[in-house]
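Enquirer: Heads up, the sequence shown is in my numbering, so the first residue is 548 and it goes up one at a time.
Glycine is no exception: its CB is placed at the ideal position from the N, C-alpha and C atoms.
Remember, it's a predicted structure, so these values are computed and weren't measured experimentally.
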Amino acid sequence: MEASRETTGDAERGDGTPLPWRRRLLPSAVADELDLDPEGRPARGRRTARDWIVDFACFFLAVFLGLILAEQVGDDPNTPTALAGVDQVVGALACAGVWVRRRWPLGFAVAMVPVGFLSNTATGAVMIAIFTLAVHRPFRYVARVAGASIALVPFFFWLRPDPESTYALSVAFTVIITATVVGWGMFVRSRRQLLMSLRERALRAETEAALRAEQAQRLAREAIAREMHDVLAHRLTLLSVHAGALEFRPDAPREEIARAAGVIRESAHEALQDLREIIGVLRAADHGEESGRPQPTLAALDTLVAESREAGMKVTLDNRVGDADSVPASTGRTAYRIAQEGLTNARKHAPGAEVAVRVSGAPGEGLAVTVSNPPPPGDVPHVPGSGQGLIGLTERATLAGGTLDHGPRPEGGFAVRAWLPWG
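1. Determine the direct distance from the alpha carbon of Ala658 to that of Leu566, and round the result to whole angstroms.
2. Please report the Cβ distance between Arg648 and Thr679, rounded to the nearest whole angstrom; I am assuming they are in contact, meaning their Cβ atoms lie under 8 Å.
3. For the candidate residues Ile697, Val645, Val689, Ser696, whose alpha-carbon lies nearest to that of Ala672?
4. State the start and end residues of the unbroken alpha helix (DSSP H) segment that holds Asn892.
5. Taking contact to mean at least 3 C-beta pairs separated by less than 8 Å, is the region 896-908 in contact with the region 844-863?
6. Can you tell which of Val918, Leu665, Pro923 has its C-alpha closest to the C-alpha of Ala962?
7. Given that a residue counts as buried once 16 or more other Cβ atoms are within 10 Å of its Cβ, and exposed if not, what is Glu836?
8. Could you work out which residue in Val729, Arg759, Leu940 is closest to Gly889 when comparing CA atoms only?
9. Can you give the Cα-Cα distance for Ile600 and Leu742, rounded to whole angstroms?
10. Just verifying my parser: in three-state terms, what is the DSSP assignment at Ala846?
11. Output the distance between the C-alpha atoms of Leu783 and His896, rounded to the nearest integer angstrom.
12. What number of angstroms, rounded off, separates the C-alpha of Pro843 from the C-alpha of Ala749?
13. Terminal residues of the continuous beta strand (DSSP E) containing Asp952?
14. Can you tell me whether Gly694 is helix, strand or coil according to DSSP?
15. How is Ser787 classed by DSSP in three states: helix, strand or coil?
16. Which two residues bound the contiguous alpha helix (DSSP H) that contains Val902?
17. Just to confirm my understanding: we take Gly524, look at its own chain, exclude 5 residues before and 5 after, and list those with CB closer than 8 Å. What are they?
18. Would you call Pro957 buried or exposed, if buried means 16 or more other Cβ atoms sit within 10 Å of its Cβ?
19. Leaving aside the five residues before and after Thr721 along the sequence, list all residues of the same chain whose C-beta is less than 7 Å from its C-beta, in chain order.
20. Which same chain residues, not among the five before or five after Tyr688, have their C-beta less than 7 Å away from its C-beta?
21. Measuring straight from C-alpha to C-alpha, what distance separates Ile723 and Ile615?
22. At a threshold of 7 Å, does Ser666 count as lining the ligand COA (C-beta to nearest heavy atom)?
23. Return the residue from the list Pro710, Ile697, Ala752, Arg736 that minimises the CA-CA distance to Phe686.
24. On the DSSP bridge assignment, give the partners of Trp966 in chain order.
25. Select from Asn892, Gln887, Ser873, Ala893 the residue whose C-alpha is nearest the C-alpha of Leu914.
26. When burial is assigned at 16 or more other CB atoms within 10 Å of the CB, is Ile938 buried or exposed?
27. By Cβ distance, which residues of its chain are closer than 6 Å to Val852, with the 5 residues on each side in sequence left out?
28. Which word fits Arg801, buried or exposed, when buried means at least 16 other C-beta atoms lie within 10 angstroms of its C-beta?
29. To which residues of the same chain is Arg867 closer than 7 Å at the C-beta, ignoring the five residues directly before and after it?
30. May I ask you to list the residues that DSSP assigns as paired with Phe961?
31. Just the C-alpha distance for Gly587 and Arg593, rounded to the nearest angstrom, thanks.
32. Spatial neighbours of Ala695 within its chain, please: CB distance less than 8 Å, with the 5 preceding and 5 following residues excluded, ordered by chain position.
33. Cα separation between Asn892 and Ala871?
34. Let me know the secondary structure DSSP gives Arg560 once reduced to three states.
35. Taking the C-alpha atoms as reference points, what is the distance between Ser744 and Cys605?
36. Would a C-beta distance cut-off of 8 Å place Ile677 and Val692 closer than the cut-off?
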């Protein structure tokens with residue numbers, strides 16, 4: 548009978564390439580589901596080496612049982628000779644039909660119901676047909692065909708009683724054998740389905756792992772881009788402001804030109820240092836190490852405002868946090884980036900306007916950061932990429948457990964307001 552020792556997990560190489568010789572050890576139904584195609588030819592519907600072995604075993608088993616039952620039918624005094632001959636011929640044809648059971652499991656099993664009622668010699672072929680149906684088709688088909696076969700058993704032994712056994716024993720034995728064959732076939736089917744579901748689950752897990760890796764790479768790229776923008780935009784804006792002043796004021800006094808050149812040189816140096824810092828932080832995160840240069844916190848806010856004032860901005864700072872060092876490092880760093888982005892945006896979109904930076908809060912209440920400015924005194928050209936930094940700041944504040952909103956003020960100008968947890 549048909550064994551169920553097929554395995555699907557090792558039917559492929561580690562790189563997913565099918566192993567052709569593995570297909571020969573699997574049932575064709577399982578190999579077709581796995582799309583194992585040896586020698587590059589269409590394999591669907593072809594018998595494997597295992598199928599041929601099982602089919603020969605089923606055929607010889609049906610013939611062996613048929614020969615035993617045919618001898619009993621020939622020796623039965625209650626069975627006419629003509630009927631015994633018909634019984635044996637029908638049984639021989641049923642045994643030959645075992646070879647088509649894989650292609651038409653339902654049709655073959657349905658045909659075997661009346662054949663089994665007419666021929667005692669075909670009993671082996673009938674059992675193999677029911678077993679094949681249980682392996683390859685859902686239970687609703689098996690229940691109907693096996694139920695019809697079992698329902699005919701009492702009538703069969705009533706018309707053709709077994710001379711060596713009682714009526715009740717013959718009926719009970721045949722019903723038990725049929726039920727056993729159905730149970731065995733359903734067990735084989737359920738095990739195949741379990742193996743296929745495990746393989747699909749493994750493939751799904753591999754796909755999800757690949758998606759998670761891709762998502763992690765995308766998030767890492769976004770983190771790099773966000774950090775680049777937050778750190779370098781401020782420095783590059785200072786460079787742009789002073790370079791623009793030198794371009795439009797070539798006749799400026801030597802002292803102002805020297806001071807602007809010094810600011811440009813210092814800003815370029817700081818931008819390079821910040822870029823190295825970002826690379827170092829990312830590398831340290833990958834290797835589980837600490838960065839060599841500390842990240843800016845709320846204590847560095849005074850330095851940030853001083854740099855903006857040196858660049859010619861009008862900035863007022865209202866810092867109501869008594870001890871900036873008591874603010875958690877992550878919260879202080881987020882607050883610093885928010886103030887930095889706010890000053891950068893004000894310098895680009897409202898040049899000449901006075902910018903107000905306000906920081907307040909206490910442990911348990913949270914940290915509030917506000918950067919606001921009135922309308923610019925004159926026309927300002929459109930700046931490409933507007934709003935991208937604010938999107939990054941909103942994500943940064945959300946990841947820190949806080950909130951950030953921004954937009955025009957009722958009295959004119961623009962404001963960025965953020966609240967960060969401080970517990």
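Expert: Based on what the coordinates show:
1. Because Leu566 sits at a pLDDT of 49, beneath the cut-off of 50, its placement in the model cannot be relied upon, and the following sentence gives the value as read from the coordinates. Cα to Cα, the separation comes out at about 38 Å.
2. 4 Å
3. The closest CA to that of Ala672, considering only Ile697, Val645, Val689, Ser696, is found on Val645.
4. 876-896
5. Under the 8 Å Cβ criterion, the region 896-908 counts as touching the region 844-863, having at least three qualifying pairs.
6. Val918
7. Low local confidence applies: a pLDDT of 44 at Glu836 is under 50, so the model's placement there is unreliable, with the coordinate-based value given in what follows. By the neighbour-count rule (16 or more Cβ atoms within 10 Å), Glu836 is not buried but exposed.
8. Minimum Cα distance to Gly889 is reached at Leu940.
9. 22 Å
10. helix
11. 15 Å
12. Roughly 45 Å separates the two Cα atoms.
13. Where Asp952 is concerned, the enclosing beta strand (DSSP E) stretches over 950-955.
14. helix
15. helix
16. Careful: Val902 lies outside any alpha helix (DSSP H), inside the beta strand (DSSP E) at 901-909.
17. No answer is possible for residue 524: it lies beyond the span of the chain, which begins at 548 and ends at 970.
18. Exposed: under 16 other Cβ atoms inside 10 Å.
19. Val700
20. Excluding positions up to five away in sequence, the list reads Leu653, Leu680.
21. 20 Å
22. The ligand COA is not among the ligands present in this structure, which contains no ligands whatsoever.
23. Arg736
24. Ala915, Thr950
25. Ser873
26. exposed
27. Val862, Leu864
28. exposed
29. Val906, Ser907
30. Asn920, Pro955
31. Only weak support exists for where Gly587 lies, its pLDDT of 45 falling under 50; the coordinates are left without a value.
32. Val660
33. 24 Å
34. The predicted position of Arg560 is uncertain, since its pLDDT is 45 and thus under 50; a value taken from the coordinates is nonetheless stated next. In the structure shown, Arg560 sits in coil (DSSP, three-state: anything other than H, G, I, E or B).
35. Distance between the alpha carbons of Ser744 and Cys605 is about 28 Å.
36. Cβ atoms of Ile677 and Val692: closer than 8 Å.
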